[in-house]
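All remarks here apply to the structure that follows.
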Amino acid sequence: MATDRDAERDAITAAIQRLLDGRPTRSTGALTTLQLAAEAGVKRWVLTHKHVDLKEEFTRRKSEANGIPPAFQHLHARAADAEAVARALREDNGRLRERVAVYAQVIHELRTELDRRTDNSTQPSPVRSFPTSIT
Numbered sequence: 001m002a003t004d005r006d007a008e009r010d011a012i013t014a015a016i017q018r019l020l021d022g023r024p025t026r027s028t029g030a031l032t033t034l035q036l037a038a039e040a041g042v043k044r045w046v047l048t049h050k051h052v053d054l055k056e057e058f059t060r061r062k063s064e065a066n067g068i069p070p071a072f073q074h075l076h077a078r079a080a081d082a083e084a085v086a087r088a089l090r091e092d093n094g095r096l097r098e099r100v101a102v103y104a105q106v107i108h109e110l111r112t113e114l115d116r117r118t119d120n121s122t123q124p125s126p127v128r129s130f131p132t133s134i135t
């Protein structure tokens, strides 16, 4: 004959499995004691005072999954990969910005030198200037 205690334990055990599988039915799916209680349909104190062993099992299994339900671990891996790609792109962007700054400085120095030479020369410059405005 099943008792209320057995029914609570069955509900908590099933809730642990649903949360760790990423299939919550009554909670947000967060891997917390409060959400485990909500998922099992019991008060939090029932979990933390009457069924301490199940709460500890949940905590142990949660830590084995790094706090991420197995159903969502592939998404966590994809997010980590995306963060690594974004970091690499930011580094590349920084290098490119430095290179553009160097090119701009070189262009400025060449233009200054060209202007200096054409100011001192009576012959027309062999270099054509681009128009500065569009008409």
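Note that the UniProt record's numbering numbers the sequence shown so that position 58 is 58, with each residue one more than the last.
Note that beta-carbon positions come from the ideal geometry of N, C-alpha and C, so glycine has one too.
Looking at residue 19: is its Cβ nearer than 9 Å to the Cβ of residue 39? In the sequence shown, the residue the question calls residue 19 occupies position 19. In the sequence shown, the residue the question calls residue 39 occupies position 39. Going by C-beta atoms, residue 19 is nearer than 9 Å to residue 39.
Buried or exposed: which applies to residue 79, given that a residue is buried once 16 or more other Cβ atoms fall within 10 Å of its Cβ? Your numbering for residue 79 matches position 79 in the sequence shown. Residue 79 comes out exposed.
In whole angstroms, give me the CA-to-CA distance for residue 101 and residue 77. Translated into positions along the sequence shown, residue 101 becomes position 101. Translated into positions along the sequence shown, residue 77 becomes position 77. Taking the Cα positions, residue 101 is about 36 Å away from residue 77.
Once the 5 residues before and after residue 106 are set aside, which same chain residues still bring their CB inside 6 Å of it? Residue mapping note: residue 106 aligns to position 106 of the sequence shown, counting from 1. If we look at residue 106 and ignore the five residues flanking it on each side, it has no Cβ neighbours.
For residue 73 and residue 111, what's the separation of their Cα atoms in angstroms? Position 73 of the sequence shown, counting from 1, holds the residue named residue 73. Position 111 of the sequence shown, counting from 1, holds the residue named residue 111. Spanning the two alpha carbons is a distance of roughly 56 Å.
Sequence-distant residues of its chain with Cβ nearer than 7 Å to residue 15 (five each side left out): By 1-based counting over the sequence shown, the position of residue 15 is 15. 36, 39 and 40.
Integer Cβ distance of residue 23 from residue 33, believed to fall under 8 Å: To locate residue 23, count along the sequence shown from 1; it is residue 23. To locate residue 33, count along the sequence shown from 1; it is residue 33. A Cβ-Cβ distance of about 18 Å is found for the pair residue 23 and residue 33, leaving them out of contact under the 8 Å criterion.
Applying the criterion that 16 or more other CB atoms from any shown protein chain within 10 Å of the CB defines a buried residue, is residue 31 buried or exposed? Within the sequence shown, residue 31 is the residue found at index 31, counting from 1. Buried.
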